[in-house]
Every structure is written in C-alpha cells, then in structure tokens.
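Per the working numbering, the sequence shown starts with residue 347, numbered consecutively.
Even glycine gets a Cβ: it sits at the ideal position worked out from N, Cα and C.
Computed from a predicted model, the values in this text were never measured in an experiment.
Here is the structure we will look at.
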Amino acid sequence: MHSKKGFTLIELVMVIVILGILSAIAIPKFVDLTGEAKIAATKSGLGAIRSVCAIEYAKTATSGTASFPSAITTDLFADGRIPTNKLNDLTGVYAVTAAPAGTATATTNGWWYISASGKAGAYSDGTEDTSAW
347 MHSKKGFTLI ELVMVIVILG ILSAIAIPKF VDLTGEAKIA ATKSGLGAIR SVCAIEYAKT
407 ATSGTASFPS AITTDLFADG RIPTNKLNDL TGVYAVTAAP AGTATATTNG WWYISASGKA
467 GAYSDGTEDT SAW
C-alpha cells in the first residue's frame, strides 16, 4: 500500500484565504508609512534650509549688519547641494514675498524663502498642508 503525502485542496484554499486577509490588513499600513517617511524627510530638509538661514544671519550679525541671505543657493550648504523636497522631488528655492498657504505646489522648486524675514517652507505635492511647518 502506498500512502500519499500532500495537501488537500481545502487546506490550500484556507492558506490562500489567510494570506489574502493578512495582505489586506498589512498593505495599507505600508503605504501609509511611505507617506509619513516623505513628510519626515521633507521636514528634515526644511530644517537644513532654516539652519543655513540662521547661520548666515549670525555671520552678518557679527559684522554689525544683521540680515538674512538674499537667496538660498548651493554655496551656502556644506556639501554644495540644496536638500530635496521629498514631497515633490525638487530642490530649487523660490524667493517669495509672502508664505504660500496650505497645499501650495510648484513645478520647478521644492522650497520657498522670504529673504526679508528669513522664513522658509516647503512646497507640497498637493496633498499635504505644509503651512504649519
């Protein structure tokens, strides 16, 4: 007598159903994590830009004429690169006179900067409200 080894069709279907349920629960969690990671990386880049503004302000303050840099350029950063805004994958800094509101987007710049006040911010991908950052 031969004994047959293997799984029955019902056992295989049950495994597939369990895997389907687990993936239906896990996939949305991972999708949400990528969005949170982009926000965290963008906030980090914004922190670097704000640090550059503060350092440049402090440099001019020691000479008696404190002012923010007129523009944020690559030569202000130690590695010669402006951080990438991970929400829209752009690096340029656009000089503005007033802070954009809410989910303001840009097609060529990742960041905005007001040279009169030294305030800087991130443009959004249209889904994130970056005005409170």
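Cα-Cα separation, residue i to residue j
{"i": "residue 421", "j": "residue 473", "result": "31 angstroms"}
{"i": "residue 377", "j": "residue 353", "result": "34 angstroms"}
{"i": "residue 393", "j": "residue 428", "result": "12 angstroms"}
{"i": "residue 442", "j": "residue 371", "result": "43 angstroms"}
{"i": "residue 383", "j": "residue 360", "result": "35 angstroms"}
{"i": "residue 351", "j": "residue 362", "result": "20 angstroms"}
{"i": "residue 386", "j": "residue 410", "result": "36 angstroms"}
{"i": "residue 461", "j": "residue 373", "result": "43 angstroms"}
{"i": "residue 388", "j": "residue 476", "result": "10 angstroms"}
{"i": "residue 402", "j": "residue 479", "result": "21 angstroms"}
{"i": "residue 438", "j": "residue 404", "result": "23 angstroms"}
{"i": "residue 356", "j": "residue 379", "result": "35 angstroms"}
Nearest neighbour of residue i, chosen from the options [CA to CA]
{"i": "residue 414", "options": "399, 388 and 437", "result": "399"}
{"i": "residue 397", "options": "465, 469 and 475", "result": "465"}
{"i": "residue 416", "options": "357, 463 and 407", "result": "463"}
Helix, strand or coil at residue i according to DSSP, with G and I counted as helix
{"i": "residue 468", "result": "strand"}
{"i": "residue 441", "result": "strand"}
{"i": "residue 401", "result": "helix"}
{"i": "residue 487", "result": "With the chain covering only 347 through 479, there is no way to say anything about residue 487."}
{"i": "residue 460", "result": "strand"}
{"i": "residue 433", "result": "coil"}
{"i": "residue 474", "result": "coil"}
{"i": "residue 425", "result": "coil"}
Cβ-Cβ separation, residue j to residue i (assumed contact under 8 angstroms), whole Å
{"i": "residue 447", "j": "residue 469", "result": "That pair is no contact at about 12 angstroms."}
{"i": "residue 430", "j": "residue 391", "result": "6 angstroms"}
{"i": "residue 433", "j": "residue 471", "result": "4 angstroms"}
{"i": "residue 452", "j": "residue 440", "result": "6 angstroms"}
{"i": "residue 467", "j": "residue 445", "result": "6 angstroms"}
Below-9 angstroms beta-carbon distance, residue i vs any chain B residue
{"i": "residue 384", "result": "Among the protein chains of the structure shown there is no chain B, as only one such chain exists."}
Taking one C-beta from the region 359-373 and one from the region 450-458 each time, how about it: are there three or more such pairs within less than 8 angstroms? By the Cβ criterion, the region 359-373 is not in contact with the region 450-458, since fewer than three pairs of Cβ atoms, one from each stretch, lie closer than 8 angstroms.
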